[in-house]
Amino acid sequence: MADSEALPSLAGDPVAVEALLRAVFGVVVDEAIQKGTSASQKCHYSIQKGAAFLGLGTDSVRVVKADERGKMVPEDLERQIGMAEAEGAVPFLVSATSGTTVLGAFDPLEAIADVCQRHGLWLHVDAAWGGSVLLSQTHRHLLDGIQRADSVAWNPHKLLAAGLQCSALLLQDTSNLLKRCHGSQASYLFQQDKFYDVALDTGDKVVQCGRRVDCLKLWLMWKAQGDQGLERRIDQAFALARYLVEEIKKREGLELVMEPEFVNVCFWFVPPSLRGKQDSPDYHERLSKVAPMLKERMVKEGSMMIGYQPHGTRGNFFRVVVANPALTCADMDFLLNELERLGQDL
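Sequential numbering of the sequence shown, starting at 40, is according to my numbering.
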């Protein structure tokens, strides 16, 4: 990307709001279509939030179908654009996702970029979670096509574990777009006749005024770890996630939601009372209650914390995100052993 700004987050993809401003001030938005925008079914909630903040209205965001793995379906994106235009709307931005929150899905960026190119739409990629994978030579193919995006959101405070918060908005644009969107030329703060290059003053480029130097966190970590150190961190997370997946497959009462392509490992704990009863009419309803009960038990015991959620037609399941560089295989073993202990009487 030709130009970059370090920005604090408003949400998971806080800078979706920034990208949306291009629609209002000659910009374009992220996965959203109508009055301008389209987003996949599994996009981050910040897309609709951004549309609301900008006065576009949440109805302006059109949801594009995702496949069974949570990836945007380019054919449905094409269909949604046609429908919007037929209704008199003006599509302007598509927001794709690299690393969805739950399943860790990576949208097919090359195909989505082709659609955007055909229709002259701004392509934003929410790579807040998955963008750090670019640092791995082994796994960076997951983001093939991201170089064609007009804007990319990236959170080093997620997979790279930089200090909260540390978010970046990367732009192809080299015309000082953020200053054109946000600049108010307040002479009592941003004098233009300083003795140094005033382009170094970033305060007039963002929504807020006072801010922390969040980019310093990334710079210091990168200097300390180097390219190879950060790459090892990414590769280790993938390897540990794979170890967890293989251990889940070995154990009775644990069932993967799907084979992960990222470090989001999603699975059900099937308690003894439900094993072998998949054909029971109330099986899925009862299984959906297991994760909340186990979450309560683990929190009250103080042994661990794992997130859970429903997803589409799937009932509650656990989602283990293997990102902490201090984690080991022993931690994965403890996690599964503790789940079995806490749920043995269910």
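The beta carbon of each residue, even a glycine, is placed where N, CA and C say it ideally should be.
Kindly examine the ligand GDP and report whether one of its heavy atoms sits closer than 6 Å to the Cβ of residue i.
{"i": "Gly222", "result": "Inclusion of the ligand GDP in the displayed structure is not the case, the ligand content being empty and no account of it being possible."}
Can you give me the Cβ contacts of residue i inside the same chain, cut-off strictly under 6 Å, excluding the 5 residues immediately before and after it?
{"i": "Met260", "result": "Ala201"}
{"i": "Ile185", "result": "Leu148 and Val164"}
{"i": "Pro195", "result": "Ala201, Cys205 and Leu257"}
{"i": "Glu117", "result": "Val154"}
{"i": "Gly65", "result": "In this prediction, Gly65 scores a pLDDT of 40, lower than 50, which makes its location untrustworthy; no coordinate-derived value is stated."}
Strictly by DSSP, which residues pair up with residue i?
{"i": "Asn215", "result": "Answer by DSSP bridge pairing: none, since Asn215 is not bridged."}
{"i": "Val112", "result": "Per DSSP, none; premise fails for Val112."}
{"i": "Ala135", "result": "Val164"}
Ordered along the chain, which non-local residues of its own chain (more than five positions away) have a Cβ less than 7 Å from that of residue i?
{"i": "Leu313", "result": "Tyr322, Arg325 and Leu326"}
{"i": "Leu203", "result": "His196"}
{"i": "Gln231", "result": "Val237"}
{"i": "Leu333", "result": "Phe308, Leu378, Leu381 and Gly382"}
{"i": "Arg336", "result": "Leu381"}
CB residue i to CB residue j, shorter than 7 Å?
{"i": "Arg281", "j": "Pro364", "result": "no"}
{"i": "Val361", "j": "Ala263", "result": "no"}
{"i": "Leu95", "j": "Pro130", "result": "no"}
{"i": "Glu270", "j": "Leu174", "result": "yes"}
{"i": "Ala119", "j": "Arg101", "result": "The sequence as given places Gln at residue 119; Ala does not occur at that position. Going by C-beta atoms, Gln119 is nearer than 7 Å to Arg101."}
{"i": "Gly382", "j": "Phe308", "result": "yes"}
{"i": "Leu162", "j": "Ala144", "result": "no"}
{"i": "Gly109", "j": "Leu132", "result": "no"}
{"i": "Asp274", "j": "Thr177", "result": "yes"}
{"i": "Ala330", "j": "Phe357", "result": "yes"}
Pick helix, strand or coil for residue i, following the three-state DSSP scheme.
{"i": "Gln348", "result": "strand"}
{"i": "Ser85", "result": "helix"}
{"i": "Arg250", "result": "coil"}
{"i": "Leu295", "result": "strand"}
{"i": "Ala123", "result": "helix"}
{"i": "Val103", "result": "strand"}
{"i": "Lys262", "result": "helix"}
{"i": "Val284", "result": "helix"}
{"i": "Ala225", "result": "coil"}
{"i": "Phe92", "result": "helix"}
{"i": "Phe405", "result": "This structure cannot speak to residue 405, because the chain is shown only from 40 to 385."}
{"i": "Asp240", "result": "coil"}
{"i": "Arg271", "result": "helix"}
{"i": "Asp384", "result": "coil"}
{"i": "Ser79", "result": "Annotation note: pLDDT 49 at Ser79 (below 50); position unreliable, coordinate value reported separately. Correct three-state label for Ser79: strand."}
Note down, in chain order, each residue of its chain lying with its Cβ closer than 8 Å to the Cβ of residue i, except the 5 sequence neighbours on either side.
{"i": "Cys368", "result": "Leu279 and Tyr282"}
For a minimum of 3 consecutive residues, which ranges assigned as the beta strand (DSSP E) are wholly contained in the region 146-212? 161-165, 190-193 and 206-210
At which residue ranges does the region 298-372 contain complete alpha helix (DSSP H) runs of 4 or more residues, listed in the order of the chain? 322-327 and 329-340
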